[in-house]
Ligand SMILES: [Zn+2]
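Numbering (our numbering), first residue to last: -12 to 379.
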């Protein structure tokens, strides 16, 4: 079995069957000798592949780390502010149905209290078990502070609002790691930004007016964002026309950047006013807005996942080594792998004389990849393994 295996590693499809038959004939008597000698023969077959598979001397070892996962042209995060009940009852099922993961920013104390006096409007919040269900489905739970205060106001206990809310959410949602933050009232300042950087990987800012999104809040996030603790988001509101929010998303796509949307209420026609968040969007409109980036080929993922991808991508070093009969490759970002756990997409040029290849980790396990015939597309966890790419 092993003989056939190694043969298939080094033979192209055309010559495989002929060679296999030939070598099985030659090696047949080896079945009668002790195991040790069989192993030796297998090694000889393995290290001496046909000359035709030697990597050409002028081969260009080209490798590229993808800007966004899967070489998507842009990224998008769907985020929710506050944690009102409609986000669980109306928005969450739509995301599940489409198959995308969102980020739910919860105001920790308000979730615990169940009702929120939002400037005179009483709103029902989702409860802890609703939030746990959302998290268990793979969506992100982030912090929207403890009490939903303006964190730029004097006298605010930043430690309590930032660290306290994170700890409180994690205490009430077993197994959930709260990693990113969203600014209440879309307000942050130097002091609060610096405090947030101690407890979170990144933070989401934004505005509900398209003109403010562009002119006051920094516009479309650069890549990487100039400040990972105030990544600009567009609040999608009832007042916006379809062409308006589509134009912003198209603009992000053209720049190959990161579209972050911010939602409050979502109305599915069965909820009472007090169960819905501010500025509740009709659920059909909501669906359209979240589907649009999907249809345009964006990589849609949580705010935490995309933040980590950016950090890892920008820290990663790709090394490619010529081993004559195979290519050795490693990707290292030197970051804490317990936190920075995103697979990074990369492409690698394949020698033309290799009709098909196999990609293996250092334990000999196959790593899946895609190819267009010239390039191999592989997703790997940085710092995890030296990868071998061989003809197969
Ligand atoms: Zn809010």
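Yeah, the Cβ is synthetic: ideal placement off N, Cα and C, and Gly gets one too. As the structure is a prediction and not an experimental result, all values here were calculated from the model.
Close Cβ partners of residue i (< 6 Å) along its chain, the five nearest in sequence each way excluded
| i | result |
| --- | --- |
| residue 166 | 188, 291 |
| residue 115 | 159 |
| residue 368 | 330 |
| residue 221 | 200, 235, 248 |
| residue 48 | 307 |
| residue 363 | 335, 337, 356 |
Same chain, Cβ closer than 8 Å to residue i, neighbours up to 5 away in sequence not counted
| i | result |
| --- | --- |
| residue 31 | At residue 31 the pLDDT is 44, less than 50, meaning the model places this residue with poor confidence; the figure from the coordinates comes in the next sentence. Excluding residues within five positions, none has a Cβ falling inside 8 Å. |
| residue 52 | 300, 303, 305, 318, 331, 332, 333 |
| residue 282 | none |
| residue 175 | 138, 139, 183, 190, 192, 216, 217 |
| residue 126 | 79, 82, 88, 89, 90, 91, 289 |
| residue 254 | 73, 77, 263, 267, 268, 269, 270 |
| residue 359 | none |
| residue 353 | 345, 346, 347 |
| residue 324 | 368, 369, 370, 371 |
DSSP state of residue i mapped onto helix, strand, coil
| i | result |
| --- | --- |
| residue 361 | coil |
| residue 222 | strand |
| residue 20 | Confidence is the limiting factor: at residue 20 the pLDDT is only 39, short of 50, which leaves the residue's position unreliable and the question unanswerable from this model. |
| residue 64 | strand |
| residue 37 | coil |
| residue 274 | helix |
| residue 103 | strand |
| residue 313 | coil |
| residue 191 | strand |
| residue 332 | strand |
| residue 111 | strand |
| residue 319 | strand |
| residue 87 | coil |
| residue 287 | strand |
| residue 139 | coil |
| residue 257 | coil |
| residue 269 | strand |
| residue 146 | helix |
| residue 207 | coil |
| residue 307 | strand |
| residue 73 | helix |
| residue 339 | coil |
| residue 119 | helix |
| residue 367 | strand |
| residue 155 | helix |
| residue 356 | strand |
| residue 300 | helix |
| residue 326 | coil |
| residue 59 | coil |
| residue 213 | coil |
| residue -5 | Low local confidence applies: a pLDDT of 38 at residue -5 is under 50, so the model's placement there is unreliable, with the coordinate-based value given in what follows. Residue -5: helix per DSSP, three-state reduction. |
| residue 42 | coil |
| residue 78 | helix |
Supposed contact pair residue j and residue i - C-beta distance, whole angstroms, cut 8 Å
| i | j | result |
| --- | --- | --- |
| residue 233 | residue 201 | The pair is not a contact, with the Cβ atoms about 15 Å apart (cut-off 8 Å). |
| residue 214 | residue 131 | So it is not a contact: roughly 19 Å between Cβ atoms. |
| residue 128 | residue 140 | Actually they are not in contact, since the Cβ atoms of residue 128 and residue 140 sit about 25 Å apart, beyond 8 Å. |
| residue 62 | residue 293 | 5 Å |
| residue 357 | residue 42 | Not really, about 21 Å apart at Cβ, beyond 8 Å. |
| residue 208 | residue 181 | Not a contact, Cβ separation roughly 20 Å. |
| residue 370 | residue 320 | 6 Å |
| residue 75 | residue 113 | 4 Å |
| residue 40 | residue 340 | 6 Å |
| residue 145 | residue 168 | Contact doesn't hold; Cβ gap of about 11 Å is too wide. |
Sequence-distant residues of its chain with Cβ nearer than 7 Å to residue i (five each side left out)
| i | result |
| --- | --- |
| residue 259 | none |
| residue 261 | 109, 110, 111 |
| residue 361 | 336, 337 |
| residue 57 | 286, 332 |
| residue 173 | 192, 193, 194 |
| residue 385 | There is no way to answer for residue 385, as the model of the chain reaches only from -12 to 379. |
| residue 372 | 348, 349 |
| residue 225 | 266, 268 |
Residue i, enclosing alpha helix (DSSP H) - first and last residue
| i | result |
| --- | --- |
| residue 246 | Looking at the DSSP string, residue 246 is not in any alpha helix (DSSP H); the run it does join, the beta strand (DSSP E), is 245 to 250. |
| residue 92 | Segment 90 to 93 is the beta strand (DSSP E) holding residue 92; no alpha helix (DSSP H) there. |
| residue 168 | Premise fails: residue 168 lies in the beta strand (DSSP E), 167 to 169, not in any alpha helix (DSSP H). |
| residue 197 | 197 to 202 |
| residue 229 | 229 to 242 |
| residue 180 | 177 to 186 |
The beta strand (DSSP E) enclosing residue i, as first and last residue numbers
| i | result |
| --- | --- |
| residue 130 | 127 to 130 |
| residue 375 | 374 to 378 |
| residue 347 | 344 to 347 |
| residue 160 | From DSSP, residue 160 is part of no beta strand (DSSP E); its letter is neither H nor E. |
| residue 51 | 50 to 52 |
Within-8 Å CB hit, residue i to chain B
| i | result |
| --- | --- |
| residue 114 | Absence of chain B from the displayed structure is noted, only one protein chain being present. |
### Query
Relative to ligand 2, what is the chain-ordered list of residues with a Cβ closer than 7 Å to any of its non-hydrogen atoms?
Absence of ligand 2 is noted for the structure shown, with ligand 1 being the only ligands found.
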